[in-house]
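Asks:
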Amino acid sequence: MKEITPDDVITTFAREADSLDQALHTHHIIGALLYKKTNTHSVTELTHAYCRWLKMTEQYVRQTAPMLAAAGAALRDGDDEDKTWSCAFLHYKEEEIDSKGNYGHEVWATQGLQALNAPNDIMNAPEPWSMQEYKRFFVTNANQHPYAILGAKGILEHLSILNAPKLENALRVSGIQNIEKALQFINSHGVLDIDHVQEGNARIRHINRTDKLAQIILGAYVTSGSYRAFLTSV
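For this note's numbering, count along the sequence shown from 1 and bump the result up by 2.
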């Protein structure tokens, strides 16, 4: 196996996040929002597109805690580095769960959907097949590649930093009614993920084994491809 360095991993995060940001900009409605060229779409179309994006987000963010739990369990009996990461993943899992209730950050997306009075077909949309495959890779089969979750984490946090401020600014001037009450997920993650990326990159720089770094890159590519598949529902 070709030697992989931590810098290779971090470069992959930045490159794939930029690619996903471009995919959002070329989306037929989300792109119009981002470029603030919304005159070709009605407010209803813009509202429903953002609702579908929120639903997509709610569905994949809901997987975060189970993914972290699965990776943590898979590593707990490994070498010293594995055990350290196992503890870290289980700590991250606790950060994802509200201390006063058994739910994760997906609740912010749900509250946004409620604030926008999302139609029932969006509010109750089933998970697409691509979400099932995403869960299969990161939860069911986590023991085969337990470090892959760092790829998912890295990609999504880098994307949040790139895209969240632009999307929030665009939504504020979109004319969507009640939009101020539907921005908590974007606003919160855009801020939180700056620290998460810095911390995550620093910790990845201490991983030197190529097989573990390869798992992270695999997780990044699976997440990047999955996100594009999720986006087809928006």
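All C-beta atoms, glycine included, are put in the ideal place defined by N, C-alpha and C.
#1: From what residue to what residue does the alpha helix (DSSP H) around residue 179 run?
#2: At which residues does the alpha helix (DSSP H) containing residue 45 begin and terminate?
#3: Kindly list the residues whose CB is nearer than 7 Å to the CB of residue 53, restricted to its own chain and excluding five residues on each side of it in sequence; keep chain order.
#4: Between the beta-carbon of residue 96 and the beta-carbon of residue 107, is there less than 8 Å?
#5: Since residue 157 and residue 140 should fall inside the 8 Å C-beta cutoff, what is the C-beta to C-beta distance between them, to a whole number of angstroms?
#6: Could you tell me whether the Cβ atoms of residue 6 and residue 212 are closer together than 8 Å?
#7: Decide if residue 74 is buried, meaning its Cβ has at least 16 other Cβ atoms within 10 Å, or exposed.
#8: Can you tell me the Cα-Cα spacing of residue 207 and residue 86, whole angstroms?
#9: Around the C-beta of residue 230, are 16 or more other C-beta atoms found within 10 angstroms, so that it is buried, or is it exposed?
#10: Could you tell me which uninterrupted beta strand (DSSP E) segments, each at least 3 residues in length, are contained entirely in the region 98-172, listed from first to last along the chain?
#11: How about residue 12 and residue 203: are their beta carbons less than 8 Å apart?
#12: When you measure from the CB of residue 50 to every non-hydrogen atom of the ligand ATP, does any distance come out below 7 Å?
#13: Report the three-state DSSP secondary structure of residue 207 (helix, strand or coil).
#14: Does the distance from the C-beta atom of residue 160 to that of residue 25 stay below 8 Å?
#15: In terms of residues, what are the limits of the alpha helix (DSSP H) holding residue 221?
Replies: Working from what's here:
#1: No alpha helix (DSSP H) holds residue 179; DSSP gives it neither H nor E.
#2: Taken as a continuous stretch (DSSP letters only), the alpha helix (DSSP H) holding residue 45 covers 45-63.
#3: Excluding the 5 residues flanking it on each side, residue 53 has same chain C-beta neighbours closer than 7 Å at 115, 118, 120 and 124, in chain order.
#4: Contact: no.
#5: Going by Cβ atoms, the distance from residue 157 to residue 140 rounds to 12 Å, so no, they are not a contact pair.
#6: Going by beta carbons, residue 6 and residue 212 fall inside the 8 Å limit.
#7: With 16 or more Cβ atoms within 10 Å of its Cβ, residue 74 is classed as buried.
#8: Across the structure, residue 207 and residue 86 are spaced so that their CA atoms are roughly 14 Å apart.
#9: Exposed, because fewer than 16 other Cβ atoms sit within 10 Å of the Cβ of residue 230.
#10: Those beta strand (DSSP E) runs which fall completely within the region 98-172 and span 3+ residues do not exist here.
#11: It is a contact, given that the beta carbons lie within the stated cut-off.
#12: With respect to small molecules bound, the structure shown includes none, and the ligand ATP cannot be examined in it.
#13: Note: residue 207 maps to coil in three-state DSSP.
#14: When the beta-carbon positions are compared, residue 160 and residue 25 stay at least 8 Å from each other.
#15: Segment 212-233, the alpha helix (DSSP H) holding residue 221.
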